[in-house]
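Enquirer: Sequential numbering from 22 applies to the sequence shown in the working numbering.
Quick one: the structure is below, and I'll ask about it shortly.
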Amino acid sequence: MGFRILQGLLPLKPREALKDALAGLTLASMNVPQVLGYTRIAGTPVVTGLYTVLLPLVGFALFGSSRHLVVAADSATAAIFSSSLSRVAPVASEKYMALVGMLTLLTAALLLLARIFKLGFLADFLSRTALVGFLTGVGVQVGVAMLPDMLGVGADSHRTLGQLWEVLRGLPNLHAFDLALSAVVVAAILFGRRFAPHFPMSMVLVVGMIAASAFFDFAGRGIAVIGPVPGGLPSLRWPDVSWSETLLLLPVAASCFVMIIAQSAATSRVYALRHNERVDENADILGLAAANAGAALTGAFVVNGSPTQTAMADNAGARSQFAQLVFAGLVVVVLIALTGPLQYLPHCVLAGVVFTIAVGMVDVKGLMAIRRESASEFRLALFTAAAVPCIGVEPGILLAIALSLVGHVRHSYRPHIAMLAPNGEGRWEPRDAQPGIETAPGLIVFRFGADLFYANADRFADTARDLIAKAPSPVRHFVIDAAALTDIDFSAARTFRDLLGELRDKQIEVVLGRVSANLRADLEQHALVEALGAEKIFPTLHKALAAVGVDGASRVGSAA
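Written as structure tokens, this is what we have:
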């Protein structure tokens, strides 16, 4: 398995390096509060958020190819594993962190296997519709999980509906000062996101709240604060987890793997196209594997190619991974010299920062775009969004994948079926296939809009029989426009052969037009060329029509 290193970094010119360094500084000022906030979703100590933007950034910069993708903590993957592991061990406990470390290592191993065996295509089974719905559901789940800290009420449930019920029950006892601080943080960040997107509002708020907390002794006034945060660089460690526990973590790691592949690939493609660059998806998968291995061994948690953080970096002017390396260098400074003040940060402020992240995940624009174009896919997205807070994040992503596959099979099972029919000018044009019409007296030109496989073959054959049986005049020629047919499986081939036999007995000539090389190979493999006759198979529709005595050029035009 050959690979190149530093594709996302080189070539690097001095002037570009300076711009990237400034972008890295901007990214750090905007992003450090966010990575601290992600630990609230992950259920890990606050300092682990800083660890996710240390060795993981270096690992991806070394092995990845994207010049823009920011690989760091991500709310979606954090929600996936925390919803499962929090039911096994207390959050932030030593056992919990060991499980998180092994889970992250397993995710890295799955990514490495995906690189070796080129399994990145697995992420394609998560459709964009289901992904929008899933991330919206995660946004709702994360937002509800932050409400107890924002309101200063207790909530022990690990499930979204249970947390919401506990919050509602605790409203008479909410802590007014926590609510006020949270409201200020949320309003200011959302205002800054709307009117000053380049201003590091989160950093200014966090620093200001830390200073206010230290000066006015928030902890002494009953406001919960983070408490002491260990400083210094992380030490390398191997997760202390048994073999049986490791096996139980595999399904969760697989869910994280799918989300990482899907989000990272989509994000890197968008920015490569925007900047007229090429991206090596295999190299990016290897970079993601290295990033997660680095996270696991330094006590952090699963990292992902983050769309929001990549957008921040791009808006800040980052044009290579050098910006991310500068970001990592600044985090080293924070870990060595600046973790002390973090102990004064109120929980409600950190929860407010995370709440704004959750608000950003609720993709209303994406949902409305889906609604405008496809009502059925909009219902699928809403169902997926509702499933996450109702049944959990990990089952939610599995349901999203299942619904994506069902949607694909449904489209293939019930594809668009058309036929050529005369318009008002006497020319033929495609229209929905309906019994009772024909292309011309004695002729039907039939189009089936999907590959033939075991599930839709009977629909193909039954529709053809129905069109022929109800045609206004006896059909003598049945021309199949095979432009959409690229593959026929064993079962479909048997059904097609039976149909050919029936039509031959009725003395109806069957001709295939627009047959590709791949389809021709399948026809030969399943002995359909022999059953049909090689002289009845043509590469264009015009030639197929000419074989039945019709001038296709004058009647069909662009339809051929």
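The beta-carbon is built from N, C-alpha and C at its ideal position, and this holds for glycine as well.
Computed from a predicted model, the values in this text were never measured in an experiment.
Can you have a look at M123 and say buried or exposed, based on whether 16 or more other CB atoms are within 10 angstroms of its CB?
Expert: Buried is the call here.
Enquirer: If you draw a straight line from the C-alpha of G373 to the C-alpha of R452, how long is it?
Expert: 55 Å
Enquirer: With burial defined as no fewer than 16 other Cβ atoms inside 10 Å of the residue's Cβ, what is the status of N194: buried or exposed?
Expert: exposed
Enquirer: Excluding the 5 residues preceding and the 5 following G45 in the sequence, name in chain order all residues of the same chain whose CB lies nearer than 6 Å to its CB.
Expert: A344, V347, F348
Enquirer: In the structure shown, what three-state DSSP assignment does W449 receive?
Expert: In the three-state reduction of the DSSP assignment, W449 falls in the strand class.
Enquirer: Spell out whether any CB of chain B is found under 8 Å from the CB atom of V74.
Expert: Absence of chain B from the displayed structure is noted, only one protein chain being present.
Enquirer: Residues in the same chain with beta-carbon distance under 7 Å from T484, minus the five sequence neighbours each way, listed in chain order, please.
Expert: I438, A454
Enquirer: Using the three-state DSSP reduction, which class does F138 fall into: helix, strand or coil?
Expert: If DSSP states are grouped into helix, strand and coil, F138 belongs with coil.
Enquirer: When you compare each of G154, S256, S512, A235 to R392 by their alpha carbons, which one comes out closest?
Expert: G154
Enquirer: Taking the continuous beta strand (DSSP E) assigned at I438, which residues delimit it?
Expert: 438-443
Enquirer: Thinking S87 and A293 are a contact (beta carbons under 8 Å), I'd like their distance in whole angstroms, please.
Expert: 7 Å
Enquirer: Could you say which of A513, A565, D510, W186 lies nearest to V531 if we only look at CA atoms?
Expert: A565
Enquirer: Would Q55 and I378 qualify as a contact pair, given that the criterion is a beta-carbon distance under 8 Å?
Expert: yes
Enquirer: Going by beta carbon distance, what residues of the same chain come within less than 7 Å of A275, once the five residues before and after it are set aside?
Expert: L131
Enquirer: Extract the residue ranges of the beta strand (DSSP E) inside the region 365-444, only unbroken runs of 3 or more that lie entirely within it.
Expert: 438-443
Enquirer: Quick one: what's got a C-beta closer than 6 Å to P221's C-beta in the same chain, skipping five residues either side?
Expert: S50, M51
Enquirer: In chain order, what residues of the same chain have a beta carbon less than 6 Å from the beta carbon of D384, not counting five sequence neighbours either side?
Expert: V153, T157
Enquirer: Nearest-angstrom Cα distance between A100 and R290?
Expert: Those two C-alpha atoms are separated by around 24 Å.
Enquirer: So what does DSSP say about F348, is it helix, strand or coil?
Expert: helix
Enquirer: Would you call the CB atoms of G29 and G85 closer than 8 Å?
Expert: yes
Enquirer: What first and last residue would you give for the beta strand (DSSP E) that runs through R468?
Expert: 464-469
Enquirer: Kindly identify the DSSP beta-bridge partner or partners of A94.
Expert: V324
Enquirer: Since A314 and L126 are thought to touch, with beta carbons under 8 Å apart, how far apart are those beta carbons, to the nearest angstrom?
Expert: 7 Å
Enquirer: On a Cα-Cα basis, can you pick out the residue from A478, A442, L182, Y475 that is closest to V466?
Expert: A442
Enquirer: Give me the residue from V380, F499, L506 with the minimum Cα distance to L521.
Expert: Selected option, being the one with the closest Cα: F499.
Enquirer: Report yes or no: do the region 133-141 and the region 357-375 share at least 3 C-beta pairs separated by less than 8 Å?
Expert: no
Enquirer: With DSSP collapsed to three states, give me the class of A580.
Expert: Below a pLDDT of 50, predicted positions are generally treated as unreliable, and A580, at 49, falls in that range; the measurement from the model is reported next regardless. Three-state DSSP puts A580 in a helix.
Enquirer: Candidates L168, Q162, D177, F559: which alpha carbon is nearest A201's?
Expert: L168
Enquirer: Shortest alpha-carbon distance to K491 belongs to which of T331, R215, L318, E459?
Expert: That would be E459, whose Cα lies nearest to the Cα of K491.
Enquirer: Determine the DSSP secondary structure at L211, reduced to helix, strand or coil.
Expert: helix
Enquirer: When the Cβ atoms of the region 297-311 are set against those of the region 259-273, are three or more pairs found closer than 8 Å?
Expert: no
Enquirer: In the DSSP assignment, what residue or residues form a beta bridge with I509?
Expert: L473
Enquirer: Are the CB atoms of L318 and L270 nearer to each other than 8 Å?
Expert: It is not a contact, given that the beta carbons lie outside the stated cut-off.
Enquirer: Does the pairing of the region 90-104 with the region 228-239 give three or more beta-carbon distances under 8 Å?
Expert: no
Enquirer: Would you decide whether E415 is buried or exposed? Buried here means 16 or more other CB atoms lie within 10 Å of its CB.
Expert: buried
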